[in-house]
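The working numbering numbers the first residue of the sequence shown as 4 and each following residue consecutively. Backbone N, C-alpha and C define an ideal beta-carbon position, used for all residues, glycine too.
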Amino acid sequence: MWTGAAAMNATRTQMETEAREAPAVAARLVERASPALRELGTQLRTRAPRYAIAAGRGSSDAAALLAKYVFEARLGLPTVSAAPSIRSIYGKQLKVDHALVLAISQSGRSPDLVEFCRSAAGPNVMRLGLINDAASPLAEIMDAVVPLEAGAETSVAATKSCLAAMTLVQGLTAHWSGDVDAVAAFERTPDVLANALEQDWSKALAFLAGDGPIYVIGRGPGLAVAAEAA
Numbered sequence: 004m005w006t007g008a009a010a011m012n013a014t015r016t017q018m019e020t021e022a023r024e025a026p027a028v029a030a031r032l033v034e035r036a037s038p039a040l041r042e043l044g045t046q047l048r049t050r051a052p053r054y055a056i057a058a059g060r061g062s063s064d065a066a067a068l069l070a071k072y073v074f075e076a077r078l079g080l081p082t083v084s085a086a087p088s089i090r091s092i093y094g095k096q097l098k099v100d101h102a103l104v105l106a107i108s109q110s111g112r113s114p115d116l117v118e119f120c121r122s123a124a125g126p127n128v129m130r131l132g133l134i135n136d137a138a139s140p141l142a143e144i145m146d147a148v149v150p151l152e153a154g155a156e157t158s159v160a161a162t163k164s165c166l167a168a169m170t171l172v173q174g175l176t177a178h179w180s181g182d183v184d185a186v187a188a189f190e191r192t193p194d195v196l197a198n199a200l201e202q203d204w205s206k207a208l209a210f211l212a213g214d215g216p217i218y219v220i221g222r223g224p225g226l227a228v229a230a231e232a233a
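Structure, rendered in structure tokens:
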């Protein structure tokens, strides 16, 4: 299990410094979030939602895109991406009966996301938040919250919390499916991320050093990573 912390380096950007904290964040999630994920998995198997609606902004929307693919591929659960502005700007109430509403957010303070989730309440709806700030307005209105455990984040790209949210999406899916191999894979995430940091990325850096356009391509679960990279 990964237990180390990345050494500070004056030449690193804030984004890289925060991204290098990802293995430690994932280790905290495996340790602290596993009981909640296990209980949520049991609840969701009992409630058996008919579909899921995933909502997020920016980097969190990339994690929501991952949720779509793994929910559908592992659980057979139809999953759509929400457009929170349908409620906040157009004033429409979506029909969310028997749905899992999954909100992913670093700050938990996006007004349109808060309004969308507030309007999605119902006796047959479960609203689950994967939120970094567990004391945020969004967290207060959700039926259940699993903190991202990412800590403070100041870089423009919320890379650390995005990786944390993707880790939790995989963990939630594993416990929901009851697949012991998938649960074990989730628990290995800190080591996988630590190993990625130890790779030689110099060839990729040389390729990206130019000032020309870059096309980021992905499919399946990799599309979420491509969206975040872009």
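Unbroken beta strand (DSSP E) run spanning residue i, endpoints
i: A102; result: 102–108
i: V195; result: V195 -> not in any beta strand (DSSP E); alpha helix (DSSP H) instead, spanning 192–200.
i: L116; result: From DSSP, L116 is part of no beta strand (DSSP E) but of the alpha helix (DSSP H) over 114–122.
i: L131; result: 129–134
Three-state secondary structure (DSSP) of residue i
i: P150; result: strand
i: I56; result: strand
i: S84; result: strand
i: M145; result: coil
i: A9; result: Note that A9 has pLDDT 42, beneath the 50 cutoff, so the model's placement of it is unreliable and the number below is only indicative. Reduced to three states, the DSSP call for A9 is coil.
i: W179; result: helix
i: A240; result: Residue 240 is absent from the structure shown; the chain starts at 4 and stops at 233.
i: T170; result: helix
N- and C-terminal bounds of the alpha helix (DSSP H) containing residue i
i: Y72; result: 62–73
i: E160; result: Residue identity differs from the one stated: residue 160 is Ala in this sequence, not Glu. Neither: A160 is in no alpha helix (DSSP H) and is coded neither H nor E.
i: L226; result: 225–232
i: I283; result: Nothing in the structure corresponds to residue 283, since the chain is present only between 4 and 233.
i: R48; result: 25–50
Sequence-distant residues of its chain with Cβ nearer than 6 Å to residue i (five each side left out)
i: L196; result: A25, P26, A29
i: G44; result: H178, W179
Proximity of residue i and residue j at Cβ, strictly below 8 Å
i: F74; j: T162; result: no
i: L97; j: M129; result: no
i: S88; j: R112; result: no
i: L141; j: A106; result: yes
i: L131; j: D115; result: no
i: S91; j: E231; result: no
Cβ-based neighbour list, residue i, same chain, cut-off 8 Å, excluding 5 preceding and 5 following
i: I220; result: A229
i: L151; result: V28, L32, Q109, L133, I134, N135, S164, A167, A168, L171
Whole-angstrom C-beta distance between residue j and residue i, which should lie under 8 Å
i: A66; j: G174; result: About 12 Å; that fails the 8 Å criterion.
Neighbourhood of residue i by C-beta, 7 Å cutoff - its chain only, sequence neighbours within 5 removed
i: P224; result: L69, Y72, V73
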